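To start, the structure under review is shown below, and the notes come after it.
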């Protein structure tokens, strides 16, 4: 993304294409909270388009509000998040729809059908009609680039935020992009007072709602004649298929003899175009990933379609599922092998493993939420009992403590990561103090936003751009909230960590233990001297293996440490009662 | 070129084996050769010891970024379990390329290039020319490792 535009094709992921489109489209400000599959958009902007003011926000609501503020001055803005992030940003989104904007503002919702790394698979096209905001959905990287730029133009033309809805297979798949000439915007940025537009007192909001309804009508007219809703006509085709997003690619792959109406703008839908298309074909199908969104609209219009929503509501679509939807025989395959699945686990050397080992020893129930520590739920540790959404663990523990008798209450702890705590744990902790909860909260401070790829946040001391930032002192935050018991320990000092957790639980009232130890993948040491198990001293008790460390492997009936995986975290060394584990150096 | 049938390559392995680097180079080589290319993968599992798969499809025109079952032409497997897990997706007559003892030996002096050597071997089942592979390696690997990666690639490509 140099100053000189190079008119040549590039092989880009959907996320990279959005970043390029933002740069070429004249975006000035970008704000986001990391969330798979959206994270690389801002990372790519930071790396390749440093002219854009890009930053990580503590959460998606802040990101959208910051973006909104900038857009109110006439700046062009991009805000990105995963699908559940839109739930957090929903409050500003719904009323931004009423205020409209001055500069173009595009919100990327990166959905995750099939839940490759999410807690649900909500279909965020539904936010369009609900928030009354147009939704564009690209089917590959070229469209991701084009729709990013189009979104900015539409946003300004129609005075509305625009949602760019993507899915994992568009975000993380690479395909060819032919970029076009970047815009050259000559703008003066000012914030002009306009209370009727920006101050949503009921009287003003009512007037804006009327404007929103008119806008939706105008957008629907625009949708009727836009090229991004396109009829791929196959001569003599008896079947017409209406589809959107990456599902379009699967349909093209599997049903080359059908005509296709590919919808690029999911809201408002082009009712006339849909009706016209349906009249041209003997049978009309809808293929869409997750909810029958287009289908329900067609049913409202009274269009007769071969309806199969139950075949698409769950899980991500694949070319082979398209075969099933159309009643085509499944491809004859040899039997799949029975190799056991290999899900992701906590890395060797992960500080969370040390904490969960202690919690397991104390036979506690653990309320948690979203982060690498969610993997503490997996065997053999299996030390996570709730995980619903960001920041929830603290509130689950608090809610339970309102009802459970003391001996049960004292068996519960909440765990939360540092980034998640800043995102939405602080208010839960405030509630705990304010409403007198008797709960223990462990802040697993591994100094990064780990699960999404180790991004910075307000507690790490660095910004997205790598510049120094004030380092949010979590212990001070807890004290300022009024938590009477706040201690910071290293997860690697097992004895001290266990003792402190016991103290915190015994304490009557809110208690916080900050387990402060960096993610093993940041500042990776080049030379690691692994640990080794002395087979003569080893009694095969399995205590080391029960931590679930991937470096500890049972080979020929004995436990061995794989020197290529071992990160010398010393957890197993501390746990071994028989002194059978030591540094290979010793 | 516009008529070229679509060729499907599936790269599988576990974290740390360089599966995604191989997939990058392969996709780039196809792109440099003028094919339409689509590549898909899931991010985030390799760091945490999970299975890693990446699909590369190239030809005159590619639609789906995912390979339909039973249409994998070349399965490049870096881990025996992952290779087994995906074997049933091969087209009849599809080939499986895995690291060999000779490759491992040849790469001892070329640290962390075994994955590229395996790709070199796989390249014999693919239509891209030397120049495209060379360019792709140059673009996709850390600059100070271009030399050893090209060497490793040649070792695999020339292995009988």
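Residue numbers (the numbering used here), protein chains in the order written: chain L, 39 to 624; chain A, 1490 to 1649.
Glycine included, every Cβ here is placed at the ideal spot set by N, Cα and C.
Source: prediction; values computed, not measured.
CA-to-CA distance, residue 218 of chain L to residue 198 of chain L, given in whole angstroms: 24 Å
7 Å CB neighbourhood of residue 524 of chain L in its chain, flanking five on each side removed: 513, 516, 517 and 550
Residue 85 of chain L to residue 94 of chain L span [Cα, whole Å]: 14 Å
Under 7 Å from the C-beta of residue 1503 of chain A: neighbouring residues of chain L: 380
Three-state secondary structure (DSSP) of residue 274 of chain L: coil
Three-state secondary structure (DSSP) of residue 290 of chain L: helix
Pairwise C-alpha distance: residue 494 of chain L and residue 1591 of chain A: 43 Å
Extent of the continuous beta strand (DSSP E) to which residue 601 of chain L belongs: Run containing residue 601 of chain L: none; DSSP gives neither H nor E here.
Proximity below 8 Å, CB of residue 1612 of chain A to CB of residue 1646 of chain A: yes
Separation of residue 283 of chain L from residue 176 of chain L, as counted between CA atoms: 5 Å
Three-state secondary structure assigned by DSSP to residue 1502 of chain A: strand
CB contact check: residue 358 of chain L to chain A, cutoff 8 Å: yes
Chain-ordered chain L contacts of residue 1526 of chain A [CB-CB under 9 Å]: 49, 212, 213 and 214
First and last residue of the uninterrupted beta strand (DSSP E) at residue 450 of chain L: 450-455
Option in L/63, L/77 and L/66 with minimal Cα separation from residue 492 of chain L: L/77
Cβ of residue 369 of chain L within 8 Å of any chain A Cβ: yes
Short-range partners of chain A found in the segment 514-547 of chain L, where Cβ spacing is below 8 Å: none
Beta carbon proximity, residue 1612 of chain A to chain L, threshold 8 Å: no
Beta-carbon proximity list for residue 32 of chain L, same chain, < 8 Å, skipping 5 on both sides: Residue coverage of chain L in this structure runs from 39 to 624, which leaves residue 32 of chain L outside it and unanswerable.
Nearest to residue 366 of chain L (by Cα), restricted to the options L/289, L/153 and L/108: L/289
Contact with chain A by residue 65 of chain L, beta-carbon distance below 8 Å: no
Distance, residue 497 of chain L Cα to residue 460 of chain L Cα: 8 Å
Endpoints, beta strand (DSSP E) assigned at residue 323 of chain L: 321-325
Rounded straight-line distance, which links the Cα of residue 62 of chain L to that of residue 79 of chain L: 14 Å
7 Å Cβ cut-off: residues of chain A touching residue 374 of chain L: 1577
Rounded separation between residue 589 of chain L and residue 603 of chain L - CA only: 5 Å
Within-8 Å CB hit, residue 291 of chain L to chain A: yes
Euclidean distance between Cα positions of residue 1503 of chain A and residue 564 of chain L: 21 Å
Close Cβ partners of residue 173 of chain L (< 6 Å) along its chain, the five nearest in sequence each way excluded: 163, 166, 201, 203, 304 and 305
Chain-ordered neighbours of residue 1650 of chain A on chain L, where CB pairs are closer than 8 Å: Only positions 1490 to 1649 of chain A appear in the structure, and residue 1650 of chain A is not among them; the question remains open.
Helix, strand or coil at residue 1548 of chain A [DSSP, three-state]: strand
CB contact flag (residue 191 of chain L, residue 123 of chain L, <8 Å): no
Residues near residue 423 of chain L in its chain [Cβ-Cβ closer than 6 Å; skip 5 each side]: 403 and 404
Inter-stretch contact (C-beta, 8 Å, three-pair minimum) for the segment 1520-1529 of chain A and the segment 212-226 of chain L: yes
Closer than 8 Å to chain L by CB, residue 1627 of chain A: no
At least three beta-carbon pairs within less than 8 Å, the segment 1536-1544 of chain A to the segment 1492-1511 of chain A: yes
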